[in-house]
Structure formats: structure tokens, C-alpha cells
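*Asks:* Chains as they are written, first to last, in the numbering used here: chain A, 1 to 368; chain B, 1 to 368.
We put the beta carbon where it would ideally sit given N, CA and C, even for glycine.
To start, I am sharing the structure in question, which I have written as C-alpha cells.
Number of protein chains: 2
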Amino acid sequence: MQKTARRSLRPEDARRSNLALVLQDIYDGPALSRADLARSTGLTKVTVSDLVAELMASGLVHEVGTSADARPGKPSTLLTFDPGSRDILAIDLSAKDQLRGAIFTLGGTLVTRIDRRLDGAVGEEALRAARELAAELIAAATRPVLGLGVGTPGTVDAAGRVLRAPNLRWRDLPLQELLSTELGIPVRVQNDANVAVLAERRFDGGPDDLVRIHISRGVGAGVLVGGQLVGGAASDAGEIGHVVIDENGAECPCGKVGCLETWISVPALTARVQADPQHRDQVLAEAGTQLGAALAPVVGMLGLAHVVVGGPSELVDGPLLAATRETIAHRTQSDFRPELDLKASSLGSDAVLMGAVALVLLSELGVA
Amino acid sequence: MQKTARRSLRPEDARRSNLALVLQDIYDGPALSRADLARSTGLTKVTVSDLVAELMASGLVHEVGTSADARPGKPSTLLTFDPGSRDILAIDLSAKDQLRGAIFTLGGTLVTRIDRRLDGAVGEEALRAARELAAELIAAATRPVLGLGVGTPGTVDAAGRVLRAPNLRWRDLPLQELLSTELGIPVRVQNDANVAVLAERRFDGGPDDLVRIHISRGVGAGVLVGGQLVGGAASDAGEIGHVVIDENGAECPCGKVGCLETWISVPALTARVQADPQHRDQVLAEAGTQLGAALAPVVGMLGLAHVVVGGPSELVDGPLLAATRETIAHRTQSDFRPELDLKASSLGSDAVLMGAVALVLLSELGVA
DNA sequence: GCACGTTCGTTAGTAAACCTTACTAACGAA
DNA sequence: TTCGTTAGTAAGGTTTACTAACGAACGTGC
């Protein structure tokens with residue numbers, strides 16, 4: 001997985017790319033005309049008309065009357081994206097002892113939620129539970145299904161194969177391929193933290209260069225560089241939970257000392273707060289400082305302007321993030337570097353589900 | 001510079017991409033036949049023949065006899081890349097009080113070297129000196145010139161505008177545009193550390209996910225993710241010299257304390273060694289440990305498998321890198337992460353010049 | 001020695017995708 | 001009412017890569 005094997009580009013690939021380009025503009029913006037699209041994409045009006053016709057035939061785009069502007073010339077026919085033309089199915093395997101499923105519109109609006117308890121199931125049993133949940137979602141869908149997105153803990157390669165998921169006791173499980181052939185619909189499987197950063201971009205206006213720290217039982221991250229998810233040599237990009245930050249820290253079950261997880265995983269944070277409830281703010285700030293120390297070199301190396309942190313807001317969004325912000329600022333400031341925008345995620349506990357939706361939007365429609 | 005404005009894809013763009021694909025295979029490998037190329041690219045023999053004809057017409061590719069394999073069927077006509085069909089001009093502005101220029105073949109072989117002393121020139125004077133050097137290089141070229149690559153200190157945006165180069169006292173200087181219009185040839189300008197990482201990939205078989213630390217007067221880095229140079233929100237990716245690593249460190253001229261540059265810039269290293277020459281190895285190891293501490297979070301975040309360090313080998317390639325390697329291993333190891341390949345650059349003091357060559361190869365021929 | 005299969009590369013024709021040019025429709029302004 | 005402007009469509013051309021079919025050049029087997 002070193003050299004990215006470039007593929008040849010056929011005319012149909014260019015077509016798909018241009019279709020996605022047009023669709024993205026319609027998806028994002030207010031109602032646009034074909035002429036607007038021609039201007040924004042650089043394609044000719046003729047080509048745009050052709051592309052739009054294809055999008056209308058598939059039901060993704062509709063005409064919605066004409067512009068009411070008072071200006072010379074023929075009024076334009078406005079086009080809008082129809083978020084209700086398909087359903088997107090999403091599964092979040094990262095919750096504790098629970099499978100979370102949902103049906104969304106193309107616009108990212110949650111329509112139906114189906115959760116299933118795992119009751120300690122792992123390995124084959126957990127896989128069966130996931131398959132059943134997927135089948136239930138398909139059955140519950142009321143519109144044509146665009147695809148199924150799955151956010152799972154563990155490391156996942158670009159083909160949606162779960163290389164390693166200790167919590168579920170999965171190893172080298174070709175989950176994407178399994179589900180896709182079984183269900184007969186497009187399926188995309190990716191790491192939970194990775195899909196979550198896609199959700200930040202898609203549903204909270206995040207930029208194309210963004211890191212999202214994911215704080216739950218463990219600590220992970222999703223990394224977006226130039227709009228592309230960073231996979232890493234062993235598909236383990238973002239696996240920062242067991243990077244040692246402070247060698248004077250606590251012992252970690254992994255055998256090392258002072259891993260990031262010993263500072264800012266949810267169990268670590270709650271334990272530290274409970275051990276010294278009177279200095280809650282201080283304890284959280286200390287943890288936030290460690291996170292800042294871990295992030296500062298990354299911020300400098302990638303020239304980051306934006307970092308989002310997802311996790312329980314009562315723990316994360318307060319003294320912790322304030323300390324993180326201050327630490328990074330203190331460690332990376334210069335006269336010319338714009339200050340880092342570090343904020344808590346606003347997506348809440350559905351971040352991974354929404355990330356699964358973003359993943360399907362991206363892979364099936366090319367909408368980032 | 002947040003959202004990367006996707007451009008529409010015309011048939012001619014696809015053609016360029018496919019031409020580059022074929023050329024890359026010919027450039028890299030041993031002599032290949034059209035049929036080989038059809039197999040490796042996925043294009044048909046007919047299309048490959050057409051693309052090869054275009055490459056041969058431009059002189060980049062030649063036929064060199066037929067294959068001597070003893071097997072049934074018509075012997076294939078072998079094709080090779082002709083590294084002597086063009087000259088590439090390169091300028092390195094990062095040396096101290098000196099402009100370094102050179103003429104290379106397309107294969108990265110140095111043909112002619114032209115250096116000019118700066119004698120303290122900065123600002124407009126330095127710009128004039130650079131223009132003159134470029135003109136001299138063009139005059140000295142004996143073959144058609146493919147383009148000029150420039151590696152400069154400071155931050156450079158994607159359009160080759162030098163946003164800030166304190167050493168040369170440049171601010172918002174559209175160097176690429178200036179040189180390109182003045183010289184009438186393709187010109188690419190990028191940051192010295194950024195082009196150097198391109199050189200590692202092109203001329204030392206580096207992978208598509210690679211970080212190169214550049215140790216000289218200051219400390220910078222070039223970051224390659226998925227084969228793409230990382231620019232950063234303010235075109236300042238890789239600017240890690242003034243990231244604070246250890247707050248118990250030395251004061252930095254930038255006003256902060258414990259910046260990476262106070263540990264491992266060449267001036268800092270030589271000063272530390274001279275201050276305690278008897279413990280040279282220890283001093284270097286301590287610096288290397290700091291570099292490791294800075295890199296560990298980056299390695300984890302990007303899932304890096306390869307890091308290259310460029311700089312004076314008598315300082316870098318020894319106790320320093322050993323300590324860096326050990327620190328990163330100690331801080332990021334897990335049962336499943338492959339060990340990091342950390343090594344000193346083998347490109348020597350011409351890394352930036354060769355990077356400028358790699359930059360032109362990439363932009364003009366699509367050869368990565 | 002000769003028919004046969006295999007491989008290479010080309011020729012001829014086709015389909016896809018986008019372009020240019022030229023048109024009609026619909027509006028405001030003079 | 002006429003004119004200029006803007007939106008969208010129709011017709012035809014160009015580029016690109018594809019499929020199908022061919023000749024050339026080689027080993028193999030009888």
C-alpha cells in the first residue's frame with residue numbers, strides 16, 4: 001500500500017467527475033440555474049444541460065420554478081437537490097455493547113433509528129448481529145437506497161476490510177465485501193474516527209484540512225488533508241491513543257507509560273475526576289494540556305488551521321479544551337501563523353452515524 | 001485556500017493524465033513494450049500506441065530494438081525514456097549567502113553547475129541575482145528546456161508566490177509568475193523542504209507517504225501524503241522549527257522557549273557540541289530525543305512508515321538519529337504497527353536542487 | 001519443412017463526452 | 001415596438017478511447 005497505483009482515466013470517469021462537480025454545487029448552494037452551474041464549473045451551458053438532464057432523470061435534482069430577479073434576459077430555471085430521493089443507511093459499531101443503525105435522507109436528516117443490544121457478542125456473533133441490523137435497515141427503508149455506510153472501531157483499509165478491531169474481536173474481516181454481496185447495495189466501511197471527520201466537513205461546514213480527535217473509550221483521530229482521508233501506511237493513521245505524550249504519566253494496559261489514552265480517554269478522565277472531584281477543573285485542564293502537547297507538532301507539521309474534538313461535552317467542552325487551545329497556541333504561535341480554530345464537535349453522539357452518511361455521499365455521489 | 005475548488009475534467013485533461021501514466025511507467029521501469037504498457041495501465045493496445053506515438057514525437061521516448069525473449073509470438077518493440085531529450089534547470093535559494101543553480105537531465109543527472117555569491121544581497125537585489133542566474137542557466141542549456149524549478153526558503157503558496165522569506169527579506173513576491181513571464185519557460189517555485197521530499201521520492205525510491213525533516217540554519221519539513229505535497233491552511237505546513245517541544249529548553253530568538261530549532265538546527269547543534277565537546281554523542285542524542293518527541297505524535301497521526309532526515313551527516317547521521325529512532329519506537333510501538341523506517345537522506349547537499357528537478361518533472365510531465 | 005498457435009502492433013470503425021456555433025424564448029429598457 | 005441581454009436547446013464537429021479484425025513475426029509440433 002505504498003505507491004498509490006494511478007489508474008487510467010477513461011471518458012466515463014471524467015463524466016462521473018463532472019457529474020459530481022455539478023451535483024456538489026447544487027447540493028451545497030441555494031437554487032442554481034444551469035447557467036450558474038456553467039459559470040461555476042467552467043463547463044459549457046450545453047454540457048451542463050446534459051449533465052443536469054442525467055441528474056434529473058435519476059431524481060436527484062428537480063426544477064423549482066424560475067428566478068424572480070428583476071433584470072434583463074430570460075429568467076433562469078432554478079434547480080435544487082432533492083434530499084428525499086434516496087435513503088442512506090448508516091451503522092455505528094463503535095458504541096459500547098450496542099449496534100446503532102439509522103436511516104437518513106440524502107441531506108443528512110435522520111429518519112429512522114434502529115438500535116440493537118450486543119449483549120457481549122463478539123467475533124462471529126457480532127458480525128451476525130451487524131448483518132441482521134443491515135437487513136432490518138434495508139427492510140425499513142421507504143425509498144430507493146443509495147448505500148450503506150458503516151463506521152467501526154479498529155483499523156480499516158481502503159477496501160473496507162477490518163484489519164483489527166479488538167473490542168469486536170475481528171481480524172482481517174472483509175466486512176465491506178461481505179455486506180455488499182449479501183445485501184446487493186453499495187456498502188462502505190471505514191474507521192469510526194475517520195468517518196466522523198467526514199461528517200464534520202459535510203454537516204458542519206468543516207474545511208478540507210481538518211483533524212478530528214475522537215474521545216470515547218479510547219482516543220483516535222480522523223485526518224483530512226486536501227479533502228482526502230489519510231489512511232496511513234498500515235491503515236492506522238489517526239491511531240494516536242497509544243502514542244506516549246508524557247513519560248511521567250500513568251501506566252497503560254498496552255504496556256507503555258504515559259500514552260495519550262491514559263490522559264484523555266473517557267475512562268481515564270472520569271477516573272481522574274472521581275479521584276479528585278474537588279479539583280475537577282484542574283484535572284481536566286491538565287489532561288487538556290497533554291492533548292495540546294500531542295497536537296502541537298501535528299498542527300505545525302500539517303499547517304492546520306482547524307481541529308475538532310468529539311466526545312462527551314461535559315468532559316471535553318470546558319477546561320479541557322481551553323487548556324488544549326492555550327497549549328497549542330503557546331507552542332505554535334508565530335507572527336504569521338493564524339491562530340488555530342480548536343472547537344468541540346457540534347454533532348453530538350451521532351457523529352459516527354452521520355459520518356457513515358457522509359462516506360456514502362462521497363463514494364456514491366462524489367459529494368464532499 | 002480552504003476548500004479546494006475542484007475543476008471540471010475535459011477530455012484533454014484525461015488525455016494528459018493517461019500520457020503521464022504511460023510516461024511514468026516508461027520512466028521508472030526497464031524497457032517496456034506497448035503491450036506491456038497496455039497491461040500495466042489498463043488501457044488498450046490501440047490507445048497506448050497512440051499515446052506512445054505522441055511521446056515519441058516529442059522526443060521523450062525512443063524505440064530501442066526488440067525483446068530477445070525466447071517465447072512464441074512476435075517480439076515486442078521496447079521503449080525507453082530518453083533522459084537527454086530535455087534539460088531541466090534548477091535553482092536553490094536556501095544556501096547561505098549563495099545562489100545555487102544547475103542544469104540536469106530529465107533523469108536527474110547533474111550536467112552543469114552555476115553558483116553565484118549573494119554578498120549579503122537581500123530583497124530586490126537578491127531577486128535580481130536570482131533572475132540573472134536563471135537567465136544564465138537558460139543560456140547555458142544545450143537542449144530544449146523543460147522548465148525551471150526553484151526551491152526557496154520561506155513559505156510559498158501553491159501558485160509559487162513567496163509569502164514570506166525572512167532570510168531573503170521577501171514578502172508576497174510572485175516569484176513563479178515573474179520568472180515565468182520573463183523567461184518564457186515553465187517555472188515552478190516551492191519551499192525548499194517541500195521540494196526536497198519530492199526529491200527523496202523521485203530519486204531515492206521514497207514512498208508516497210513520507211516526511212522529510214530538513215535540518216540546516218533552521219528546521220523545516222516536507223510532507224507527502226498520498227503522493228501529494230501538503231500545503232497547509234496558510235501554506236505553512238512543515239514549518240515545525242518554532243514548535244515548542246520542551247518548555248524547559250533554551251530561549252529562542254522567536255520569543256518562545258524550547259522550540260525545536262533550539263535543539264536541532266545546525267547552529268544549535270554545533271553550539272551545543274562546542275560547549276561540551278567531550279560529551280558530543282550525548283549532546284547529539286539528547287537533541288535526537290527531542291526530535292523524536294516532536295515526531296512521535298506526527299507518526300501516529302499520519303500512520304507514517306517512513307521518515308527521512310536531511311542535514312549535515314556528521315551531525316545528523318549517528319547518535320542523533322539513533323536517539324530519534326529509539327524515542328519514536330518507544331513512544332509509538334504497538335503489536336501491530338510496523339516499525340518506523342527512519343533514515344538519513346542520501347541525497348546530500350544537492351537535495352534541494354534535485355527537489356527542484358522533481359518539481360518540474362511532476363508539473364510538466366506528471367512523473368512522480 | 002510447414003501448418004498452427006501466440007504475441008505484437010496497426011488499421012478501421014464506433015461510442016462517449018465535450019466543444020463551437022447558431023438558434024429560440026423571455027425578459028427589461030429605450 | 002425595437003433592441004440588447006440572458007437562459008436554454010439543437011445541430012454538428014472534435015477529441016478520446018474503445019472493439020473488432022488484421023498482418024507480421026515468432027516458437028512449437030508433426
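Does DSSP put G255(A) in a helix, a strand or coil?
*Replies:* The residue labelled residue 255(A) in the question sits at position 255 within the first sequence. Note: G255(A) maps to coil in three-state DSSP.
*Asks:* Going by the beta-carbon positions, is the gap between R212(B) and E200(B) smaller than 8 Å?
*Replies:* Here residue 212(B) corresponds to residue number 212 of the second sequence, with the count starting at 1. Here residue 200(B) corresponds to residue number 200 of the second sequence, with the count starting at 1. Taking 8 Å as the Cβ cut-off, R212(B) and E200(B) qualify as a contacting pair.
*Asks:* To the nearest angstrom, how far is it from the Cα of A160(A) to the Cα of V309(B)?
*Replies:* Here residue 160(A) corresponds to residue number 160 of the first sequence, with the count starting at 1. Here residue 309(B) corresponds to residue number 309 of the second sequence, with the count starting at 1. As written in the sequence, residue 160(A) is Gly, which differs from the Ala given in the question. Their backbone Cα atoms lie some 33 Å apart in a straight line.
*Asks:* Consider the Cβ of P30(A): report whether some Cβ of chain B lies at a distance smaller than 8 Å.
*Replies:* Here residue 30(A) is taken as the residue at index 30 of the first sequence, counted from 1. No, P30(A) lies away from the interface with chain B (no Cβ there is under 8 Å from its Cβ).
*Asks:* Inspect the beta-carbon positions of A139(B) and P153(B) and report whether they are closer than 8 Å.
*Replies:* Locating residue 139(B) in the second sequence gives position 139, counting from the first residue. Locating residue 153(B) in the second sequence gives position 153, counting from the first residue. Not closer than 8 Å, so no.
*Asks:* Would you say H214(A) faces chain B, with C-beta separation under 8 Å as the test?
*Replies:* Numbered from 1 along the first sequence, position 214 holds the residue referred to as residue 214(A). Judged by the 8 Å Cβ criterion, H214(A) is not in contact with chain B.
*Asks:* Rounded to whole angstroms, what is the Cα-Cα separation between L23(A) and L365(A)?
*Replies:* As a first step, residue 23(A) is located in the first sequence; it is residue number 23 there, counting from the start. As a first step, residue 365(A) is located in the first sequence; it is residue number 365 there, counting from the start. Straight-line Cα distance between these residues: approximately 8 Å.
*Asks:* Quick one, which of V46(A), D28(A), Y27(A) and G29(A) has its alpha-carbon nearest A35(A)'s?
*Replies:* Counting from one through the first sequence, the residue named residue 35(A) turns up at place 35. Per the Cα distances, V46(A).
*Asks:* Could you name the residues that DSSP lists as bridge partners for D341(A)?
*Replies:* If you number the first sequence from 1, residue 341(A) lands on position 341. According to DSSP, which records beta bridges pairwise, D341(A) is partnered with H306(A).
*Asks:* Please list the partners that C377(B) has in chain A, where partner means a Cβ-to-Cβ separation under 8 Å.
*Replies:* What the structure shows of chain B is the stretch from 1 to 368, and residue 377(B) is not part of that stretch, so it cannot be assessed.
*Asks:* Should D336(A) go down as buried or exposed, given a rule of 16 or more other Cβ atoms within 10 Å for buried?
*Replies:* What you label residue 336(A) is simply residue 336 of the first sequence in a count that begins at 1. In the sequence as presented, Asp is not what sits at residue 336(A); that position holds Phe. That one is exposed.
*Asks:* If the criterion is Cβ atoms closer than 8 Å, does the pair L93(A) and D115(A) meet it?
*Replies:* Translated into positions along the first sequence, residue 93(A) becomes position 93. Translated into positions along the first sequence, residue 115(A) becomes position 115. Not in contact: L93(A) and D115(A) (Cβ atoms no closer than 8 Å).
*Asks:* Quick one: grab the DSSP three-state call for D246(A).
*Replies:* Walking along the first sequence from the start, residue 246(A) turns up at place 246. If DSSP states are grouped into helix, strand and coil, D246(A) belongs with coil.
*Asks:* Does the structure place the stretch 296 to 306 of chain A close enough to the stretch 287 to 301 of chain B that three or more beta carbon pairs sit under 8 Å?
*Replies:* In short, these stretches touch, since the Cβ pair count reaches three.
*Asks:* Let me know the secondary structure DSSP gives D87(B) once reduced to three states.
*Replies:* Start at 1 with the first residue of the second sequence, and residue 87(B) comes out as number 87. Of the three classes helix, strand and coil, the one that applies to D87(B) here is strand, per DSSP.
*Asks:* Under the assumption that A233(B) contacts L304(A) (Cβ atoms under 8 Å), give the Cβ distance between them as a whole number of angstroms.
*Replies:* Here residue 233(B) refers to the residue found at position 233 when the second sequence is read from its first residue. Here residue 304(A) refers to the residue found at position 304 when the first sequence is read from its first residue. 7 Å between Cβ atoms; contact.
*Asks:* Does any residue of chain A bring its CB to less than 8 Å from the CB of L19(B)?
*Replies:* On the second sequence, residue 19(B) is found 19 positions in, with the first residue counted as 1. Chain A contact via Cβ: absent.
*Asks:* By DSSP's criteria, I114(A) is part of a beta bridge. Which residues make up the other side?
*Replies:* If you number the first sequence from 1, residue 114(A) lands on position 114. DSSP output for I114(A) lists G101(A) as bridge partner(s).
*Asks:* Does the Cβ-Cβ distance between G108(A) and S216(A) come in under 8 Å?
*Replies:* In the first sequence, the residue the question calls residue 108(A) occupies position 108. In the first sequence, the residue the question calls residue 216(A) occupies position 216. Not closer than 8 Å, so no.
*Asks:* So is A70(B) buried or exposed if we call it buried at 16+ other beta carbons inside 10 Å?
*Replies:* One-based indexing of the second sequence puts residue 70(B) at position 70. Exposed, by the Cβ-count rule.
*Asks:* Which residues, in order along the stretch 230 to 251 of chain B, keep a beta-carbon less than 9 Å from a beta-carbon of chain A?
*Replies:* Listed in sequence order: V230, G231, G232, A233, A234, S235, D236, A237, G238, E239, I240, G241, H242, V243, V244, I245 and E247.
*Asks:* Using the three-state DSSP reduction, which class does Q333(A) fall into: helix, strand or coil?
*Replies:* To locate residue 333(A), count along the first sequence from 1; it is residue 333. The answer is coil: DSSP assigns Q333(A) none of H, G, I, E or B.
*Asks:* Rounding to the nearest angstrom, what Cα-Cα distance links K343(A) and A68(A) in this structure?
*Replies:* For the purposes of this step, residue 343(A) is identified with residue 343 of the first sequence, where counting begins at 1. For the purposes of this step, residue 68(A) is identified with residue 68 of the first sequence, where counting begins at 1. Approximately 40 Å, taken between the alpha carbons.
*Asks:* Do you know offhand how far L320(B)'s Cα is from E286(B)'s?
*Replies:* The residue labelled residue 320(B) in the question sits at position 320 within the second sequence. The residue labelled residue 286(B) in the question sits at position 286 within the second sequence. Between L320(B) and E286(B), the C-alpha separation is close to 7 Å.
*Asks:* Less than 8 Å between the beta carbons of F81(B) and L51(B), yes or no?
*Replies:* Within the second sequence, the letter at position 81 stands for residue 81(B). Within the second sequence, the letter at position 51 stands for residue 51(B). Contact flag unset, no.
*Asks:* When Cβ atoms are compared, which residues of the stretch 34 to 52 of chain B fall closer than 8 Å to chain A?
*Replies:* So the list reads T41, G42 and L43, given in the order they occur along the chain.
*Asks:* Between G151(A) and chain B, is there a C-beta pair that is closer than 8 Å?
*Replies:* Taking the first residue of the first sequence as position 1, residue 151(A) is located at position 151. No, because no Cβ of chain B sits closer than 8 Å to the Cβ of G151(A).
*Asks:* Applying a beta-carbon distance threshold of less than 7 Å, which residues of chain A neighbour R6(B)?
*Replies:* Locating residue 6(B) in the second sequence gives position 6, where the first residue counts as 1. Residues of chain A passing the Cβ test: L21.
*Asks:* Hey, how far is the Cα of A130(A) from the Cα of L106(A)?
*Replies:* In the first sequence, the residue the question calls residue 130(A) occupies position 130. In the first sequence, the residue the question calls residue 106(A) occupies position 106. In a straight line, the C-alpha of A130(A) is about 22 Å away from that of L106(A).
*Asks:* Could you check whether the Cβ of L9(A) sits closer than 8 Å to any Cβ belonging to chain B?
*Replies:* The residue you call residue 9(A) lines up with position 9 of the first sequence. For L9(A), the answer is yes, since a Cβ of chain B falls inside 8 Å of its Cβ.
*Asks:* Can you check whether the C-beta of L359(B) is within less than 8 Å of a C-beta belonging to chain A?
*Replies:* Indexing the second sequence from 1 puts residue 359(B) at position 359. Not one chain A Cβ lies under 8 Å of L359(B).
*Asks:* Output needed for P174(B): all residues of its chain with C-beta closer than 6 Å, excluding positions within five of it in sequence on either side, in chain order.
*Replies:* On the second sequence, position 174 is the one that residue 174(B) refers to. Within the same chain, P174(B) has close Cβ partners R161.
*Asks:* Since M354(B) meets chain A, which of its residues come closer than 8 Å, beta carbon to beta carbon?
*Replies:* Taking the second sequence and counting its residues from 1, the one referred to as residue 354(B) is at position 354. The premise fails here: M354(B) is roughly 19 Å from chain A at the closest Cβ pair, so nothing lies under 8 Å.
*Asks:* Strictly under 8 Å for the Cβ-Cβ distance: is A294(B) near chain A by that measure?
*Replies:* One-based indexing of the second sequence puts residue 294(B) at position 294. By this cut-off, A294(B) is an interface position.
*Asks:* Return the CA-CA distance between T41(B) and V48(B), expressed in angstroms with no decimal places.
*Replies:* Against the second sequence, residue 41(B) aligns to sequence position 41. Against the second sequence, residue 48(B) aligns to sequence position 48. About 9 Å.
*Asks:* How many angstroms separate the CA atom of G222(B) from the CA atom of A38(A)?
*Replies:* Stepping through the second sequence from its first residue, residue 222(B) is reached at position 222. Stepping through the first sequence from its first residue, residue 38(A) is reached at position 38. Using only the alpha carbons, I get a separation of about 37 Å.
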